[in-house]
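As structure tokens, the structure follows; a few thoughts come after it.
Residue numbers (this note's numbering), protein chains in the order written: chain A, 654 to 1020; chain B, 654 to 1020.
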């Protein structure tokens, strides 16, 4: 029957939900997870001041949020010490990455990323007709050399690097990242995803060189700040690149409570530092549990620990599934050879205790 | 200097914020508005049960929201009595309209709308390279005959109709809208924006003919439900059109508190009915104030009243500006001949009292 038709590009895309949420898994199994350690959230939650700020703002939810995100944008600019013209707020890094794909990708344009890196970025690239060129991880790290080589060879429009990396938790030093950025063609835009930047060792995040027109940084309130449910991230780049977001963004997209919460979270840096300490302790606890069970934890600069289960992807998947059956939600990389690992987010001590309790049995059941 | 380049389409787009928010106006003037009657929000606010539901959920904002919006989607499907496969939740109608433009518009495809209708829709159409073809309003209503004629003549990909209409407040009956839909080419998708549907008289919204592949309905929690700040709207259409959203949507886009709040709002239909009654009373009060001042209120099915100031656009703009200087925020259409009007959202009685107090002086000052 004759009906409205999608664009050829849209027709070519699969209907998908790139991440199956823990809620969907719970609905399928009929059981709630006892330890939610799979989504790299911060179960320490946000600052109590954030909770207060949201509570104080609830009575104003009938008002549209500020489409300019004025107060938050100014606070962020002051926080990272760049002019306001160099900062844009968006609906999480996910939303901003989608806008970047839309702004920069002509059909067929090459985008370079690591095989096994962030699926949502790949979803956006495919969604705007970009052509993904992937390079393998090397020793569980994104390969700066291979990324640069591919970007140069393909004259890539965009290149994506997560530092620290998800899903492996590994990282490069600021100096190494800077050298990488400098080696890229001037027309290749480096998308440097620093979602896990707050939990990384000092010396991991390069200085903000906002006069460099081919680097865009991404940060978020979803991880260390504990606000994954509110969808608020930001981009830092040179002024023309930031201004371009106003060509296409959904202006009321960052909701009123997200703006209020992010502003309060940013103002409580003491709480952030305390959380970072708890995350570091949690990483050590998870690593110790892994070692106690004969597994190899990969050093991590993030709020999760990726653990080498020592055998193939099928085995690691089986470990994940047996953990899930015991009420422990974790995730895992799916691309060989990363797929030999499971990825465990830092949770509260009581959640990590559940992991410690269940892992031996899960490993045994996984065979 | 060599730098990453935007797509030709992106280069052609202006950097803009389509709506200047009241916050921006307040920042410029240095004064807060005493009556916020310009953004068609509901200053009655949401149900107290919504406030409670948000408060109860605040401690879980560290968790990502459900990317499938499962509970809300199911509740909406039950509420409007269609299968779940016919409902999609999104970041407000704005967000959903952007996705539709992306899914359906090839560069140069024609989109038909009324000259002076929703600017954000036009922003999305331009943003995906569509070609807008506009038809004039007729007697302050969108012209169904002219929209249909243009859609047929141009073999339009999309046609937009807001019923009840923003910015005029006027409306067509369900039977007239159904005849309009039936007159469109089967390959033209009608986007029927029913953001103001709850406040319209019975018999304004056609039955949900979800087997009709060329009609998509849009509704929202931003207006009568009083949740503009949370960004939550939904689309109702045939199943293939709904499934297509999963090709491109930002899966975590509807934030956790928005899902919780919308679910609670939907469950309190008594509160909604009470609000609709208060909005109706507010419309009458605003219309009476207009008449008392020698102006002509246009009959409205929405949560605002558009008032014919009886002279040209410059005069109406002057009325708007003098009201703003007196602390009353209203908006106005900008396209002739609609621009002879100002548009006043229903507010709380105390806000309408401020309007009554300030309008005579504003009219005098506007000359």
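Positions of the beta carbon are idealized from the N, C-alpha and C atoms, including for glycine.
Establish whether the CB of residue i and some CB of chain A are separated by less than 8 Å.
| i | result |
| --- | --- |
| residue 701 of chain B | no |
| residue 1003 of chain B | no |
| residue 745 of chain B | yes |
| residue 835 of chain B | no |
| residue 771 of chain B | no |
| residue 751 of chain B | yes |
| residue 780 of chain B | yes |
| residue 928 of chain B | no |
| residue 867 of chain B | yes |
| residue 993 of chain B | no |
| residue 676 of chain B | yes |
| residue 820 of chain B | no |
| residue 1017 of chain B | no |
| residue 716 of chain B | yes |
| residue 806 of chain B | no |
| residue 925 of chain B | no |
| residue 939 of chain B | no |
Drop a sphere of 10 angstroms on the beta-carbon of residue i, count the other beta-carbons inside from all chains shown, and report buried for 16 or more, exposed for fewer.
| i | result |
| --- | --- |
| residue 864 of chain B | exposed |
| residue 689 of chain A | buried |
| residue 1017 of chain A | exposed |
| residue 760 of chain B | exposed |
| residue 843 of chain A | buried |
| residue 792 of chain B | exposed |
| residue 904 of chain B | buried |
| residue 693 of chain B | buried |
| residue 987 of chain A | exposed |
| residue 964 of chain B | exposed |
| residue 923 of chain A | exposed |
| residue 669 of chain B | exposed |
| residue 726 of chain A | buried |
Kindly indicate if chain B contains any beta-carbon less than 8 Å away from that of residue i.
| i | result |
| --- | --- |
| residue 853 of chain A | no |
| residue 957 of chain A | no |
| residue 812 of chain A | no |
| residue 817 of chain A | no |
| residue 726 of chain A | no |
| residue 841 of chain A | yes |
| residue 612 of chain A | For residue 612 of chain A there is no data in the structure shown, the boundaries of chain A being 654 and 1020. |
| residue 680 of chain A | yes |
| residue 872 of chain A | no |
What residues are listed by DSSP as bridge partners for residue i?
| i | result |
| --- | --- |
| residue 979 of chain A | Beta-bridge pairing links residue 979 of chain A to no other residue. |
| residue 887 of chain A | A:742, A:872 |
| residue 995 of chain A | A:960 |
| residue 787 of chain A | A:766 |
| residue 813 of chain A | A:844 |
| residue 950 of chain A | A:960 |
| residue 794 of chain B | B:791 |
Can you look up residue i in the DSSP assignment and give me helix, strand or coil?
| i | result |
| --- | --- |
| residue 781 of chain A | coil |
| residue 895 of chain B | helix |
| residue 757 of chain A | helix |
| residue 961 of chain A | strand |
| residue 705 of chain B | helix |
| residue 955 of chain A | coil |
| residue 721 of chain A | coil |
| residue 943 of chain A | helix |
| residue 902 of chain A | coil |
| residue 699 of chain B | coil |
| residue 984 of chain A | strand |
| residue 1001 of chain B | coil |
| residue 687 of chain A | coil |
| residue 929 of chain A | helix |
| residue 747 of chain A | helix |
| residue 775 of chain B | helix |
| residue 863 of chain B | coil |
| residue 734 of chain B | coil |
Less than 7 Å between the CB of residue i and some heavy atom of the ligand FMN, yes or no?
| i | result |
| --- | --- |
| residue 759 of chain B | The ligand content of the structure shown is nil, which means the ligand FMN is not present either. |
Original post:
Looking at C-beta atoms only, is the number of pairs between the region 921–940 of chain B and the region 967–979 of chain B that lie closer than 8 Å three or more?
Top reply: no
Original post:
Between the region 926–935 of chain A and the region 890–905 of chain B, do three or more beta carbon pairs fall short of 8 Å?
Top reply: no
Original post:
Are at least three pairs of beta-carbons, each pair with one atom in the region 802–810 of chain B and one in the region 774–793 of chain B, less than 8 Å apart?
Top reply: yes
Original post:
Are three or more beta carbon pairs between the region 908–919 of chain A and the region 698–713 of chain A nearer than 8 Å?
Top reply: yes
Subject >> Segment contact, 8 Å Cβ cut-off, at least three pairs: the region 889–902 of chain A with the region 754–771 of chain A >> reply: yes
Original post:
Can we say the region 872–889 of chain A touches the region 726–743 of chain A, given the rule of at least three CB pairs closer than 8 Å?
Top reply: yes
Original post:
Contact between the region 817–828 of chain A and the region 870–878 of chain A: three or more CB pairs below 8 Å?
Top reply: By the Cβ rule, the region 817–828 of chain A does not count as touching the region 870–878 of chain A, because fewer than three pairs are nearer than 8 Å.
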